[in-house]
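Undergrad: Pasting in a structure now, in structure tokens, and then I'll have a few things to ask.
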Amino acid sequence: MKREHIRNFCIIAHVDHGKSTLADRLLELTGTVDSRTMRAQYLDTLELERERGITIKSVPVRMNYKSPDGTDYILNLIDTPGHVDFSYEVSRSLAACEGALLVVDAAQGVEAQTVANAYMAAEQGLELVPVINKIDLPSAQPEEARRELEEIIGVDAHDAILASAKEGRGVPEILERIVRDIPTPKGHPEAPLQALIFDSIYDNYRGVICYVRIVNGRLKAGQSIRFMATGRECLAEEVGVFKPGMTTVQELEAGEVGYLAASIKTIHEAHVGDTVIEGGKTDSVALPGYKKVKPVVFCGFYPVVNEDYPQLRDALEKLQLNDSAIQFEPETSSALGFGFRCGFLGLLHMDIARERLTREFDVDLVATAPNVVYQIVRPSGEVFEAHRPSDFPDVGQIEEIREPYIRLTVFVPSEFVGKVMQLCQDKRGIFQAMDYITPERLRLSYVLPLAEFIVDFHDKLKSTTRGYASLDYEQVGFRAAELVKVDVLVNQEPIDAFSFICHKDAAFHMGQAVVRKLKELIPRQLFEVPIQAAIGKKVVVRQNVKPLRKDVLAKCYGGDITRKRKLLEKQKEGKKKMKQIGRVSIPQEAFLAYLNIGKDEED
Amino acid sequence: MLGKRPAIDTLYIGGGTPTCLDPKQWGTLCGLLEEGLSFSRGAEVSVEANPDSLQDGHLAVWKSWRILRVSLGIQSFSPSALRWLGRLHDARKALDALESCRQKGFWVSGDLLFGIPGQDLAIWHKDLQTLSHYAGHVSTYQLTAEPGTPLADEIVPTQSEGYPFYRFAQWYLHQKGFVQYEVASFARGGQWCRHNLSYWRQGNVLALGPSAWGYVDGLRYRNNCDLDGYLSQKGATASRWSERLSDDDRAREAAILALRTRWGIRWRSFRRHFGEKRTRSIHEILAGLPRDLFLRRQGCTAFSPKGFRVANAIWELLV
Ligand SMILES: Nc1nc2c(ncn2[C@@H]2O[C@H](COP(=O)(O)OP(=O)(O)OP(=O)(O)O)[C@@H](O)[C@H]2O)c(=O)[nH]1
Ligand SMILES: [Mg+2]
């Protein structure tokens, strides 16, 4: 197919504005997926995506489209996630496209991620095609949405397509506009090969499968290739396109989007952002690739059973091949043994990673409370980064602690402004600006500690505004803060996995919440177990788990001794699922429950 | 069947409802047993009876043979509890049975259940009071249900795990002169059931009849559960299932079983049987636990009343 007849585009929008549903209609109308196999949000194939109703991972798919004027086109579509934690997914997809459908929910209007994603696309030089979706809703205000597109984002929206992805309205028009407005891919099929790896997944049989955009030249099955950054050379065993399943082709040429499998087993051989060139060549130019993202949230992942450490490492490596934004390094906890400190782009990202490890890779793990990166200034003036509470030196060795701040932008209907401002203030936010987008909607801007944000800001914002507010944030560097490290001791032993950093004024309150929660979760043992929260040597909270009072089921009469033994063995097996710390058995939930302490306080 | 016919020290005729046999059939059974087995002097012979089907005729036959103890399945005297349990007998029948057994001069043993929905401390007190009036041997069991059965839904496991009932039984029966000689059993005047004790002491037990359990020198076995199956196989091969314990397992099990009783583990004989290493590992586990869970005297370690209450948690450390 001629390059003039190829269009590469992605669908971008705020979360839930209907990207995946619109993709469904495009797949249907182009006959890519037949009506029998069609199901809602067809491209959301991960179990977690289906369960939570959100897109987590960008998915490319190729469609054949016959325009009413009789021309055949190949359309490569990439459906992207809308949640702020996954904006890195979006940014990578953009590099494989020349245009983007910018979808706006007609009832909600322009939201924070609409702006953020539109800006990213503009920055990459993509042509934006505005689509106002969900016009079937009784509450739809398409004219309002059109105005916001122009006034807030600054795109020309006079001919924005009015659509309903649910009912299929406006979809033929969208297809026509894609071929009319989105530029054909540049690049030359006869030039030397240059392909950008914009994503990858791990497949148990074929190894790493690289998603590639061919920028120049051709990529043939069986040819020898070289990964520029890693220098690895190998044969391109399989080359193909997404139809939506992977379908092999003989070759991909400049302008096309597809995949490449080459028996790659580790991230050290080929990674996202790398450029694929012809084997044996060394004088090629690397494509721009991607800025490495910096994780903003860290937590420890530990196997429940220490022996499972290698499995966890394996699983993390594979997950990283599916999600290049995850970072991890080994760490040791005196309480939990060997594990990994993992970095994520947000709490949802972390939560998804944890679930995928358990479900897709079948490892039982314990996650410690998340924290941000701190900068610590020693009396000598030396500054270092602390990725976990145990990196904190003794109080005497700390001159200053700095924590990361974000600039937070909240879009909110005016009736909720007071509540949102209160929430920001509670989270130690510093007011920056407020402006009216429309008479009913405002944009609020605050500077606020990231640590306060990651705990539960999103949930609280949702509940206080009944879901009508949206947010975006960017990091704005570090600022000094009065923080303390709170240690938690169980049976007199400090449990490093339970330590946390918080503002000095919140230490008592949070210590109490943690101790109370642990008291609830730690089962009675044969002896009394004190649980304490301490700052340095000073104990600020103490509660005791009373000793076990009764545990005797004399459920074994006469000679049925074997049965009793089996029961005891089973009981013991159950305890093994708990983390044995010193003489105390602590159930896994105790580690997980940590994440919910803030929430529980509300109920 | 018995080869050299070693003398029998204790015999327990149980398995639910031996009183299904009428007194005449019982006469035949006693004759067969007397002929087929040889009893040591002072052998303890016990029989299980159901208050429903127990007749005076039974007692007469038993009295004329070797039977020392009659064990009655009482469960409760409370009408509402009996109804809940779906028992056929009413409290009256149970009292009659107890009274007849006592008049005939049998040692009487009864069992009671706690944890029945609707039961409270007053009802439990009444149950213990009534039974301890007639019986020299009382066993208490907590009502439990297999997970998944309809019963399991009805019995709500409580935080206290029946603690108040068990604890009260320990306290009350002690007042009444009973000694807790086993985790679930109390006896007055030395009326402990030697037959049961032989299980806890890993003594040799010969299993007769379908689904009975036996233990001979480290081999534990269970007879075929249905009668036809049992009858069709002869002698020693009638066992449907068996296991031989390794020395390590045997040592751990011996410790657990010994701790069921008030005599506990006698370290010297334990060491002689199982060797220094195994003995030490068990000793160390117990030494690491709070002291008030144990009574330590004359080279023995046994549970204190408090220890009995958390026996499972301690045994779990030993399996
Ligand atoms: N009424 C109506 N509902 C729609 C329309 N398009 C999508 N929806 C609904 O909006 C919800 C979100 O749709 P999705 O397609 O999953 O949204 P998304 O933008 O892909 O969401 P993320 O991938 O999580 O960012 C679903 O419940 C859809 O059924 C529409 O045109 N009309
Ligand atoms: Mg989606």
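Line by line, the protein sequences give chains X and A. When we follow the working numbering, the leftmost residue of the first sequence carries the number 1, and every step to the right adds one. When we follow the working numbering, the leftmost residue of the second sequence carries the number 1001, and every step to the right adds one. Glycine is no exception: its CB is placed at the ideal position from the N, C-alpha and C atoms. Since the structure is predicted, the reported quantities are computational estimates derived from the model, not experimental observations.
Give the secondary structure of tyrosine 1181 of chain A by DSSP, where H, G and I count as helix, E and B as strand, and everything else as coil.
TA: Locating residue 1181 of chain A in the second sequence gives position 181, counting from the first residue. Strand.
Undergrad: Does any CB atom of chain X fall closer than 9 Å to the CB of valine 982 of chain A?
TA: What the structure shows of chain A is the stretch from 1001 to 1319, and residue 982 of chain A is not part of that stretch, so it cannot be assessed.
Undergrad: Suppose the cutoff is 7 Å on Cβ atoms and the five residues either side in sequence are ignored; what does the same chain contact list for alanine 1187 of chain A look like?
TA: Here residue 1187 of chain A refers to the residue found at position 187 of the second sequence. Gly1136, His1137, Phe1178, Val1179 and Tyr1181, listed in sequence order.
Undergrad: Given that aspartate 560 of chain X touches chain A, what residues does it touch there, using C-beta distances under 8 Å?
TA: Counting from 1 along the first sequence, the entry for residue 560 of chain X is found at position 560. When 8 Å is used as the limit between beta carbons, aspartate 560 of chain X is near these residues of chain A: Trp1213, in chain order.
Undergrad: To be precise: take each residue of the stretch 1292-1313 of chain A, compare its Cβ to all Cβ atoms of chain X, and keep it if any distance is under 8 Å. Which residues remain?
TA: Leu1293, Phe1308, Arg1309, Val1310, Ala1311, Asn1312 and Ala1313
Undergrad: Would you mind reading off the limits of the alpha helix (DSSP H) that contains glycine 1057 of chain A?
TA: By one-based count along the second sequence, residue 1057 of chain A stands at place 57. Here the alpha helix (DSSP H) through glycine 1057 of chain A covers 1056-1064.
Undergrad: Cβ of aspartate 199 of chain X within 9 Å of Cβ of serine 58 of chain X?
TA: Position 199 of the first sequence holds residue 199 of chain X. Position 58 of the first sequence holds residue 58 of chain X. Yes; because the gap between Cβ atoms is below 9 Å, this pair is in contact.
Undergrad: Quick one: what does DSSP say glutamate 601 of chain X is sitting in, helix, strand or coil?
TA: For the purposes of this step, residue 601 of chain X is taken as the residue at position 601 of the first sequence. Confidence at glutamate 601 of chain X is low in this model, with a pLDDT of 43, below 50, so its placement is unreliable and no value can be given for it.
Undergrad: Relative to the C-alpha of phenylalanine 338 of chain X, which residue among X:Ala353, X:Tyr302, X:Thr368 and X:Gln327 is closest?
TA: In the first sequence, counting from the first residue as 1, residue 338 of chain X sits at position 338. Looking at the Cα atoms, X:Tyr302 is the closest of the given residues.
Undergrad: Measure the alpha-carbon distance for leucine 48 of chain X versus leucine 450 of chain X and round it to whole angstroms.
TA: Start at 1 with the first residue of the first sequence, and residue 48 of chain X comes out as number 48. Start at 1 with the first residue of the first sequence, and residue 450 of chain X comes out as number 450. Approximately 26 Å, taken between the alpha carbons.
Undergrad: Answer with yes or no whether the minimum CB distance from valine 552 of chain X to chain A is below 9 Å.
TA: Against the first sequence, residue 552 of chain X aligns to sequence position 552. Closer than 9 Å to some Cβ of chain A, the Cβ of valine 552 of chain X qualifies, so yes.
Undergrad: According to DSSP, simplified to helix, strand and coil, what is tryptophan 1263 of chain A?
TA: Residue mapping note: residue 1263 of chain A aligns to position 263 of the second sequence, counting from 1. Here tryptophan 1263 of chain A sits in coil by DSSP.
Undergrad: Could you tell me which uninterrupted beta strand (DSSP E) segments, each at least 3 residues in length, are contained entirely in the stretch 289-345 of chain X, listed from first to last along the chain?
TA: Listed in chain order, the complete beta strand (DSSP E) runs (minimum 3 residues) inside the stretch 289-345 of chain X are 297-303, 327-333 and 337-344.
Undergrad: Compare the C-beta of leucine 548 of chain X against all C-beta atoms of chain A and say whether one is closer than 9 Å.
TA: Start at 1 with the first residue of the first sequence, and residue 548 of chain X comes out as number 548. By this cut-off, leucine 548 of chain X is an interface position.
Undergrad: Mind listing which residues have their beta carbon within less than 5 Å of any non-hydrogen atom of ligand 2? Chain order is fine.
TA: Working through the chain, the matches are X:Lys19, X:Ser20 and X:Thr55.
Undergrad: Ignore the nearest five residues each way along the sequence and tell me which others in isoleucine 1282 of chain A's own chain have a CB closer than 6 Å to its CB.
TA: Residue mapping note: residue 1282 of chain A aligns to position 282 of the second sequence, counting from 1. Taken in chain order, the residues that qualify are Ala1255.
Undergrad: Could you check if lysine 599 of chain X is buried or exposed, using at least 16 other CB atoms within 10 Å of its CB as the buried criterion?
TA: Working through the first sequence from its first residue, we reach residue 599 of chain X at position 599. Note on lysine 599 of chain X: pLDDT 44, under 50, position unreliable in the model; no value is reported.
Undergrad: May I ask you to verify whether the stretch 235-244 of chain X touches the stretch 289-296 of chain X, counting CB pairs closer than 8 Å and requiring at least 3?
TA: no
Undergrad: So is the beta-carbon of valine 104 of chain X under 8 Å away from any non-hydrogen atom of ligand 1?
TA: Indexing the first sequence from 1 puts residue 104 of chain X at position 104. Flag unset: Cβ of valine 104 of chain X not near ligand 1.
Undergrad: On the DSSP bridge assignment, give the partners of aspartate 472 of chain X in chain order.
TA: Taking the first residue of the first sequence as position 1, residue 472 of chain X is located at position 472. DSSP, once it has assigned bridges, lists X:Thr409 as partnering aspartate 472 of chain X.
Undergrad: In this structure, does DSSP put isoleucine 608 of chain X in helix, strand or coil?
TA: The structure shown does not extend to residue 608 of chain X, since chain X is modelled only from 1 to 603, so the question has no answer here.
Undergrad: Can you give me the C-alpha to C-alpha distance between glutamate 493 of chain X and glycine 1307 of chain A, rounded to a whole angstrom?
TA: Reading the first sequence from its first residue, position 493 is the one you call residue 493 of chain X. Reading the second sequence from its first residue, position 307 is the one you call residue 1307 of chain A. Rounded to the nearest angstrom, the two C-alpha atoms are 26 Å apart.
Undergrad: Less than 9 Å between CB atoms is the rule here; does leucine 568 of chain X satisfy it with respect to chain A?
TA: Within the first sequence, numbered from 1, the residue matching residue 568 of chain X stands at position 568. Judged by the 9 Å Cβ criterion, leucine 568 of chain X is in contact with chain A.
Undergrad: Is glutamine 580 of chain X close to chain A, meaning its C-beta is less than 9 Å from at least one C-beta of that chain?
TA: As a position in the first sequence, residue 580 of chain X is number 580, starting the count at 1. Output row for glutamine 580 of chain X: interface = no.
Undergrad: Kindly examine ligand 1 and report whether one of its heavy atoms sits closer than 8 Å to the Cβ of isoleucine 161 of chain X.
TA: Taking the first sequence and counting its residues from 1, the one referred to as residue 161 of chain X is at position 161. For ligand 1, not one heavy atom lies less than 8 Å from the Cβ of isoleucine 161 of chain X.
Undergrad: Hey, leucine 26 of chain X and leucine 77 of chain X: beta-carbon distance below 9 Å or not?
TA: Working through the first sequence from its first residue, we reach residue 26 of chain X at position 26. Working through the first sequence from its first residue, we reach residue 77 of chain X at position 77. Taking the C-beta atoms as reference points, leucine 77 of chain X is found nearer than 9 Å to leucine 26 of chain X.
Undergrad: Nearest chain X C-beta to leucine 1289 of chain A closer than 9 Å, yes or no?
TA: In the second sequence, residue 1289 of chain A corresponds to position 289, counting from 1. Yes, its Cβ sits closer than 9 Å to a Cβ of chain X.
Undergrad: Pair every Cβ in the stretch 302-311 of chain X with every Cβ in the stretch 455-469 of chain X, then say whether three or more of these pairs are closer than 8 Å.
TA: no
Undergrad: List the residues that DSSP assigns as beta-bridge partners of lysine 1093 of chain A.
TA: On the second sequence, position 93 is the one that residue 1093 of chain A refers to. According to DSSP, which records beta bridges pairwise, lysine 1093 of chain A is partnered with nothing at all.
Undergrad: Excluding the 5 residues preceding and the 5 following serine 224 of chain X in the sequence, name in chain order all residues of the same chain whose CB lies nearer than 8 Å to its CB.
TA: Position 224 of the first sequence, counting from 1, holds the residue named residue 224 of chain X. Cβ within range, chain order: Glu233, Cys234, Leu235, Ala236, Glu278, Gly279 and Gly280.
Undergrad: Check each residue of the stretch 1166-1198 of chain A: if its Cβ is closer than 9 Å to any Cβ of chain X, include it; give the result in chain order.
TA: Tyr1166, Arg1167, Glu1182, Val1183, Ala1184, Ser1185, His1195 and Asn1196
Undergrad: I'd like the span of the alpha helix (DSSP H) that includes tyrosine 1199 of chain A, first residue to last.
TA: Stepping through the second sequence from its first residue, residue 1199 of chain A is reached at position 199. That run of the alpha helix (DSSP H) goes 1194-1200.
Undergrad: Would you be able to state if there are at least three C-beta pairs under 8 Å between the stretch 134-147 of chain X and the stretch 182-197 of chain X?
TA: no
Undergrad: Spell out whether any CB of chain X is found under 9 Å from the CB atom of leucine 1002 of chain A.
TA: Here residue 1002 of chain A corresponds to residue number 2 of the second sequence, with the count starting at 1. Because the pLDDT at leucine 1002 of chain A is just 48, under 50, the model does not fix this residue reliably, and the point stays unresolved.
Undergrad: Using a Cβ-Cβ cut-off of less than 9 Å, give me the residues of the stretch 1134-1145 of chain A that come near chain X, in sequence order.
TA: Ser1139, Thr1140, Tyr1141, Gln1142 and Thr1144
Undergrad: From which residue to which residue does the beta strand (DSSP E) around lysine 579 of chain X run?
TA: For the purposes of this step, residue 579 of chain X is taken as the residue at position 579 of the first sequence. Here the beta strand (DSSP E) through lysine 579 of chain X covers 579-581.
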